[in-house]
Amino acid sequence: MTTLITSPQFTPSHDVKNAGVIKYKENPLKGLIKKDHEGQVKRAALGGSALMTLLYLFAVAKGQKKSAFKLRDMFKLDFGALTAIGLATSSVIGGLTGGLIADKKENCKPKLKEAIHQFLGNIVTPITIVGVATSQIKKHNFDKFTKWTLNALAGVVGVATGVTGGNYIASKVNERIFKENDDRKVGIKDFGIHVDDILTVIALATAKKKDVMAQTVEELPQTGIQKFISKALPAIFLICGYEAGTKTAADVNKNLNVNKDKAKSA
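Position in the sequence shown (from 1) plus 51 gives the number in my numbering.
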C-alpha cells in the first residue's frame, strides 16, 4: 500500500500587520492608499504636512508680494535659511498633528520624539550651520578657487555635522522631556531633504571653464535639475512631517531589537 506524504502546512512567522511594520523602513509609503488604520494614519500625516506647507507658502508669498497677489506666486519663492527652516517646520507641525489625530494613543510619544528629531536634527541645525558658513564666506575677499572650495566644504561638512550633531542634541532633549533613553540612529533618509546642498556641491565641482568668473555659488549658472529641486523643496520637505506623523511604537521597538542584535554580534 502506497503512503501519500503531504507537505507540511506553512505557517507564517508573523501576521500581515507585523509584516507591514517590518518593511516600513524599506518602503515608508506602503499602505498609503489602504483603507485600514495604518493607511488612514499615513494619509492624515501626509495631508496635514501638505496643508500646513501650503498655508506657509501662502503667508510668505503674500508677505513678499507688493503688487496684486496671484496663486502661482506661492511656487516662485526663493528660499533662504530662515524661510527654509520655516517651510520644513510647517511640514513637521502639519504631519505631526495629522498623525496624532488619526493614530492610537500609544503612538503619540514616538511621534513627538520623532518631530523633535526632525526639527532639531534634520532642519534647524544643518540649515543654520550651512547658512552661517556660506554667509561668512561671502564677507571675506577670498580668491575664486578658495571661495568655491569653502562653499563646497560648507555644504558637505555643514550637512553631515548638522544632521549628526543635531540628532544627538535631539536625543538628549527627548531624554530630558520623556525621562527615558532615546537611541534613534541617524539614517540616509535624514539627509534626504538636503539634496539641494548636495547638488550645489556637484555644480561647483563640475562647473565649466566659462563659469570660472563666478565669485559665489549664487552667481554660478544652475543646472536644470538644480532649478527643479529648488522649486520642489516644498514637496521634498513633506518628508519631515510624514516621518513625524507616521512614527509608531512598533518602529521604535524594532530599532531597539536591531541595536541589541548588533551589540550581541559585536
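All C-beta atoms, glycine included, are put in the ideal place defined by N, C-alpha and C. Keep in mind the model is a prediction, meaning the values are calculated, not measured.
Hey, could you find the ends of the alpha helix (DSSP H) N218 is sitting in?
-> Indexing the sequence shown from 1 puts residue 218 at position 167. Taken as a continuous stretch (DSSP letters only), the alpha helix (DSSP H) holding N218 covers 195 to 229.
Leaving aside the five residues before and after G209 along the sequence, list all residues of the same chain whose C-beta is less than 7 Å from its C-beta, in chain order.
-> Translated into the one-based positions of the sequence shown, residue 209 becomes position 158. Hits under 7 Å: P177, I180, V181, A184.
Whose CA, out of K86, L138, L105, lies closest to the CA of R123?
-> Taking the first residue of the sequence shown as position 1, residue 123 is located at position 72. Per the Cα distances, L105.
Closest to L128 by CA distance: which of I144, A110, V246 is it?
-> The residue you call residue 128 lines up with position 77 of the sequence shown. That would be A110, whose Cα lies nearest to the Cα of L128.
State the Cα-Cα distance for the pair G293 and A96, rounded to the nearest angstrom.
-> Here residue 293 refers to the residue found at position 242 when the sequence shown is read from its first residue. Here residue 96 refers to the residue found at position 45 when the sequence shown is read from its first residue. The residue you asked about is not Gly; residue 293 is Tyr in the sequence shown. Spanning the two alpha carbons is a distance of roughly 5 Å.
State yes or no: is the C-beta of V175 within less than 8 Å of the C-beta of G217?
-> Translated into positions along the sequence shown, residue 175 becomes position 124. Translated into positions along the sequence shown, residue 217 becomes position 166. Result yes, Cβ atoms of V175 and G217 sit closer than 8 Å.
Where are the alpha helix (DSSP H) runs, 4 residues long or more, that stay fully inside the stretch 115 to 164, in chain order?
-> 132 to 153
Among residues of its own chain, excluding the 5 on either side of K160, which ones have a beta-carbon nearer than 7 Å to its beta-carbon?
-> Taking the first residue of the sequence shown as position 1, residue 160 is located at position 109. Around K160: F229.
Spatial distance of A300 from I287 (CA atoms) = As a first step, residue 300 must be located in the sequence shown, where it is residue number 249. As a first step, residue 287 must be located in the sequence shown, where it is residue number 236. The alpha-carbon atoms of A300 and I287 are separated by roughly 25 Å.
Within its chain, find whatever has a CB closer than 6 Å to the CB of S142; leave out the 5 residues flanking it on each side and keep chain order.
-> Numbered from its first residue, the sequence shown carries residue 142 at position 91. Only S100, T104, F288, L289, C291, G292 meet the Cβ criterion.
Helix, strand or coil: which one does DSSP assign to H191?
-> Translated into the one-based positions of the sequence shown, residue 191 becomes position 140. Three-state DSSP puts H191 in coil, outside helix and strand.
To the nearest angstrom, how far is it from the Cα of V303 to the Cα of G145?
-> As a working mapping, residue 303 is identified with position 252 in the sequence shown. As a working mapping, residue 145 is identified with position 94 in the sequence shown. Going from the Cα of V303 to the Cα of G145 covers about 21 Å.
State the Cα-Cα distance for the pair A205 and F170, rounded to the nearest angstrom.
-> Indexing the sequence shown from 1 puts residue 205 at position 154. Indexing the sequence shown from 1 puts residue 170 at position 119. Computed Cα separation, rounded: 20 Å.
Buried or exposed by the 16-neighbour rule on C-beta atoms within 10 Å, applied to D234 | Against the sequence shown, residue 234 aligns to sequence position 183. The residue in question, D234, is exposed, as its Cβ has fewer than 16 Cβ neighbours within 10 Å.
Buried or exposed for F130, please, with buried defined as at least 16 other CB atoms from any protein chain shown within 10 angstroms of its CB.
-> In the sequence shown, counting from the first residue as 1, residue 130 sits at position 79. Burial call: buried.
Starting from the C-beta of L108, find all residues in its chain whose C-beta is less than 8 Å away, skip the five residues before and the five after it, and write them out in chain order.
-> By one-based count along the sequence shown, residue 108 stands at place 57. Answer for L108: M125, F126, L128, L138, P285, listed in chain order.
Tell me whether A248 sits in a helix, a strand or coil according to DSSP, three-state version.
-> Looking up residue 248 in the sequence shown gives position 197. First, the residue type needs correcting, since residue 248 is Asp and not Ala in the sequence shown. Three-state result, D248: helix.
C-alpha gap between K162 and K190, whole angstroms | Counted from its first residue, the sequence shown places residue 162 at position 111. Counted from its first residue, the sequence shown places residue 190 at position 139. If you take the alpha carbons of K162 and K190, they lie about 41 Å apart.
Less than 8 Å separating the beta-carbons of T297 and K121?
-> Position 246 of the sequence shown, counted from the start, is the residue given in the question as residue 297. Position 70 of the sequence shown, counted from the start, is the residue given in the question as residue 121. Not a contact, by the Cβ cut-off of 8 Å.
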